[in-house]
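To start, the structure itself, in structure tokens.
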Amino acid sequence: MKMYGFFRSGTSHRTRIVMNLKKINFEFVPISLVKNQHQQLDFKKINPQSFVPVVEVNDRILTQSPAIIEWLEDTYPEPRLLPQEAIQAAKVRAIAALVGCDIHPINNKRILDYLRNVLKLSDDQVLQWCQHWIEEGFTALEQLLQQDTERGAFCVGHQPSIADAYVIPQVDSAKRFNVNLSQYPIIQSIYDACMALPEFQAAAPNNQPDAA
Ligand SMILES: N[C@@H](CCC(=O)N[C@@H](CS)C(=O)NCC(=O)O)C(=O)O
């Protein structure tokens, strides 16, 4: 199995976490978003959307991290990263969607490039944009986590799930955008619990071969 990705890409990061938790070996193919390698013709042939991550397996191409992660969960069921109980599974999917649909895409590189290059926003304004959407999402997430009386040290229940694979990269991104994380003590405690695990440590952006 091959994964095309970028060390600082949150969607590559969430996919790496799932692969590590499931102990899947994969060959890593770095695609630099800084050098715009994702926009080059060769990569567009692999993913016409010009996004990482892409997983290649047995000459088949998989795109879109939620689809890749679901495929991993179906194909490598152990350890389960989506709880068997439907309500718990719905909580995992809701947190994944909160991050994956409502925070991450608004702060994606192409959006920030458009704000800077077409709408001519300053660096400070772009930073304000990123902080705003992360803070809005994290405020709601913190409240959801607080209301969940069945929660242990992780996002849902007592073990890591797909929800944690989405939240941890978003926390790293929040740090890069100087969001004050002390506003979110539960998110911070989940980050600490996850980062104590070797699978999460190995997936961290700075531990990737293409990290600057
Ligand atoms: N919905 C896609 C989004 C993938 C995505 O946004 N990837 C980012 C890196 S985290 C990317 O390739 N961005 C390139 C760009 O914005 O130009 C997924 O979840 O796989």
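full-length UniProt numbering numbers the first residue of the sequence shown as 1 and each following residue consecutively. Just so it is clear, CB atoms sit at the ideal spot from N, CA and C, and this is done for glycine as well.
Find the nearest neighbour of F138 within the set V54, V29, G152 and I168, judged by alpha-carbon distance.
I168
Where does the unbroken alpha helix (DSSP H) through K45 begin, and where does it stop?
L41 to I46
With the cut-off set at 8 Å, would you say Q39 and S50 are in Cβ contact?
yes
Using the Cα positions of K120 and Q128, report the straight-line distance between them to the nearest angstrom.
14 Å
Ligand 1 heavy atoms versus the CB of N108: any closer than 7 Å?
yes
Around the Cβ of C155, are there at least 16 other Cβ atoms within 10 angstroms (buried) or fewer (exposed)?
buried
DSSP beta-bridge partners for V171?
Looking at the DSSP assignment, V171 forms no beta bridge with any residue, so it has no partner.
For a quick check, are the C-beta atoms of N108 and S173 less than 8 Å apart?
no
Between F51 and ligand 1, is the CB less than 7 Å from at least one heavy atom?
yes
Let me know if C130 comes out buried or exposed under the rule of 16 or more other beta-carbons within 10 Å of its beta-carbon.
buried
Among K45, V18, P30 and R14, the one whose alpha carbon lies nearest that of T75
V18
Note the first and the last residue of the continuous beta strand (DSSP E) segment covering P30.
E27 to P30
In this structure, how does DSSP classify G5 when only helix, strand and coil are distinguished?
strand
DSSP three-state label for R80, please.
coil
Whether R14 touches A140 by CB criterion (8 Å):
no
Could you tell me which residues DSSP puts in a beta bridge with E56?
K2 and I61
Assuming S12 and V52 form a contact by the criterion Cβ under 8 Å, report the distance between their Cβ atoms to the nearest whole angstrom.
5 Å
Out of R8, M1, Y4 and M3, point me to the one whose CA is closest to N207's CA.
R8
Quick one, are the C-beta atoms of P83 and V92 less than 8 Å apart?
yes
Given a threshold of 16 other Cβ atoms within 10 Å of its Cβ, counted over all protein chains shown, does V171 qualify as buried or as exposed?
buried
Would L41 and V54 qualify as a contact pair, given that the criterion is a beta-carbon distance under 8 Å?
no
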